[in-house]
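The structure appears right after this line, and notes come after that.
If you want it as structure tokens, here you go:
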């Protein structure tokens with residue numbers, strides 16, 4: 017039996033299962049579900065567009081040949097109750113819940129449980145048919161003759177269109193006049209919102225004789241509302257975004273688009289094919305849970321990445337002055353890391369309870385990192401996750417590749433000088449601190465067994481130690497995400513202004529001090545959040561792992577270098593330097609550094625590329641350009657341009673404003 021015979025046999029079997037009047041609601045729902053699923057759904061080959069178009073053609077041909085009031089015509093006419101198209105017109109494809117996560121939960125349950133189809137209307141039948149977004153193309157695959165046969169049974173009445181129009185209008189104006197939307201709007205006063213004018217113009221047009229003059233006023237109100245939604249999107253890009261805010265604006269945008277189609281339908285314009293295509297596509301999109309969530313999270317990720325990228329632009333060296341400045345900043349960062357390493361080793365020698373030990377290590381790292389942030393010092397291993405976002409952002413904005421190659425060279429120079437500044441100062445600073453302690457106390461910071469423990473935790477002979485460096489690279493990436501998210505939150509809620517204008521701060525500190533505190537919040541809130549996150553992860557993760565019997569560490573290359581300096585100094589004052597042990601520990605520190613840098617950069621760059629929609633072709637072009645430039649002049653990626661030469665710099669634009 018070929019496919020056509022199978023289709024006819026299945027269709028006639030479904031016809032034989034249609035309930036005879038009077039039928040129960042359960043029997044009607046069951047038959048309607050089987051029929052709609054067979055016509056519009058299917059699996060495998062039966063789901064192809066041609067197969068479903070053939071089933072629609074068969075349905076139309078049967079209706080043409082069937083007498084009025086019997087069989088399928090009688091069943092479909094029984095389904096065609098009052099307002100059976102209203103929900104299809106007013107809600108299908110438009111989120112109905114008040115929040116993103118409530119809408120996601122509704123769609124999740126609806127995929128497996130028919131929780132919203134107690135009454136059989138056309139919206140329920142579309143839901144039961146398991147449509148996909150591309151199913152809107154079915155409109156073009158079916159002949160006009162077939163649509164002419166189907167239209168009388170499925171076309172909405174004027175009353176249904178008016179009811180759907182009113183529902184969509186009321187939901188749209190309620191969203192547009194919500195406090196969240198008004199705060200994002202472009203109008204200085206609430207009463208000037210175009211959503212007020214939209215409601216008035218709609219009432220005048222619908223409740224009157226549908227005159228051309230009133231229609232023109234209403235169309236102008238629709239256009240102004242569309243411009244207001246564009247302004248909301250632009251303001252979110254400037255200030256910051258949240259999933260709740262994006263959900264509200266996207267919901268209003270979908271309602272506005274649906275209202276435009278219903279307006280044309282109400283005016284009697286020939287929009288049948290466009291409306292059907294829109295509804296089929298919308299019914300398919302309504303089943304896509306991942307698309308709903310990912311569309312919001314992707315935009316939030318892009319904004320977080322942009323904030324991280326703005327921070328990363330400060331870690332790009334383009335000339336000798338920036339090279340020297342970053343090197344000095346990194347040198348002070350190395351000194352701070354030596355102090356943090358000394359405190360860490362001293363804490364490890366105490367008999368604190370595990371929980372208190374985790375708190376102490378986190379506070380140690382946190383104080384060190386906070387001082388570095390507020391003082392403008394540089395931690396080299398935190399740069400890659402920031403500069404990766406800056407590079408991905410540059411790829412999205414640029415039309416060429418030379419500027420991106422120079423940006424990579426600037427990033428490489430910055431990483432080289434920052435790493436040298438951290439390491440070359442952390443090691444001698446640790447040695448000098450231990451020498452000073454030996455002069456004051458007569459003993460080094462570390463006892464012989466503690467020196468052995470430091471070497472054991474760093475040596476390259478234990479691959480697990482280097483793998484722990486990859487874990488720290490993950491932590492560095494997470495801290496950059498936390499920094500970008502915090503800066504987005506600060507911009508979204510206007511934190512600097514809120515702090516500067518806080519009445520309690522005015523009373524306790526004074527207006528001038530509150531203003532300075534607000535500027536500090538704007539400059540450092542994101543960086544401090546990232547550093548605190550990093551300190552907590554490095555301090556508490558080994559503690560939590562120890563509860564499960566896992567010997568885990570989170571070695572940071574700069575602090576590991578300082579620890580090696582303390583161990584070497586203790587050996588110098590004791591039994592003498594063990595050069596073989598020092599070699600393997602130094603090799604381990606090198607591996608830790610490479611993994612710190614590589615893992616954090618790879619994760620941040622991958623996320624930034626996905627968030628900004630950058631494809632593989634641009635990545636491959638960039639890689640070829642980098643390899644060619646490196647072959648011609650490898651020192652370009654390590655040293656700044658010679659005096660009189662200036663690396664290209666992108667002119668500042670709306671997406672490249674400096675951020676904290």
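Residue numbers (this note's numbering): 17 to 676. Note that CB positions come from ideal geometry on N, CA and C, so glycine has one too.
- With at least 16 other beta carbons inside 10 angstroms of its own, residue 274 counts as buried.
- Minimum Cα-Cα distance from residue 172 among the listed residues 288, 188, 91 and 110 corresponds to 288.
- Considering only 215, 244 and 241, the residue with the shortest C-alpha distance to residue 230 is 215.
- Counting along the chain, the unbroken alpha helix (DSSP H) around residue 472 starts and ends at 464-474.
- Taken atom to atom, the span from the alpha-carbon of residue 586 to that of residue 395 is near 26 Å.
- Here the segment 602-611 makes contact with the segment 470-488; the two share three or more CB pairs at distances below 8 Å.
- Assignment of residue 459 by DSSP, reduced to helix, strand and coil, places it in the coil class.
- For residue 158, the secondary structure class from DSSP, reduced to helix, strand or coil, is coil.
- Between the alpha carbons of residue 446 and residue 356 lies a gap of roughly 10 Å.
- Counting along the chain, residue 504 sits inside the alpha helix (DSSP H) bounded by residues 479-509.
- In this structure, the beta-carbon distance from residue 177 to residue 105 falls below 8 Å.
- Each residue's CA atom was taken as its position, placing residue 212 and residue 197 some 13 Å apart.
- At least 8 Å separates the beta-carbon of residue 335 from that of residue 359.
- When DSSP states are grouped into helix, strand and coil, residue 539 belongs to the helix group.
- Unbroken alpha helix (DSSP H) stretches of 4 residues or longer found wholly inside the segment 216-242: none.
- Distance from residue 433 to residue 354 at the Cβ level is roughly 18 Å; contact not present, criterion being Cβ atoms closer than 8 Å.
- CA-CA distance, residue 341 to residue 333, rounds to 9 Å.
- In this structure, DSSP gives residue 615 a helical state, which the three-state scheme calls helix.
- Secondary structure of residue 93 (DSSP, three-state): helix.
- Residue burial is scored here from C-beta neighbours: residue 151 has at least 16 other C-beta atoms within 10 angstroms and is therefore classed as buried.
- In this model, residue 476 and residue 491 are separated by some 21 Å (Cα to Cα).
- Contact between residue 201 and residue 209 holds, with the beta-carbon distance rounding to 6 Å and staying under 8 Å.
- Around residue 137, the same chain offers 100 and 103 as residues with beta carbons nearer than 6 Å, after the five sequence neighbours per side are excluded.
- Residues of the same chain with a CB within less than 7 Å of the CB of residue 108, apart from the 5 flanking positions on each side, are 139, 142, 295, 298, 299 and 302 in chain order.
- The segment 541-560 and the segment 372-379 touch, with no fewer than 3 CB-CB distances between them shorter than 8 Å.
- Residue 649 counts as exposed, since fewer than 16 other C-beta atoms from the protein chains shown sit within 10 angstroms of its C-beta.
- Distance from the CA of residue 166 to the CA of residue 81, rounded to the nearest whole angstrom, comes to 13 Å.
- The continuous alpha helix (DSSP H) containing residue 181 extends over residues 174-192.
- DSSP places residue 519 in the uninterrupted alpha helix (DSSP H) bounded by 519-525.
- The segment 497-506 makes contact with the segment 541-553: 3 or more CB pairs, one atom from each, lie closer than 8 Å.
- Per DSSP, the continuous alpha helix (DSSP H) segment holding residue 81 begins and ends at 65-81.
- Comparing alpha-carbon positions, the option among 350, 226 and 377 lying closest to residue 361 turns out to be 377.
- The segment 29-47 and the segment 108-123 do not touch, with fewer than three beta-carbon pairs separated by less than 8 Å.
- The beta carbon of residue 158 lies closer than 7 Å to those of 69, 72 and 73 in the same chain, with the five residues before and after it left out.
- Under the three-state reduction of DSSP output, residue 300 falls in the helix class.
- Here residue 350 is actually not in contact with residue 470; their C-beta atoms are around 18 Å apart, not less than 8 Å.
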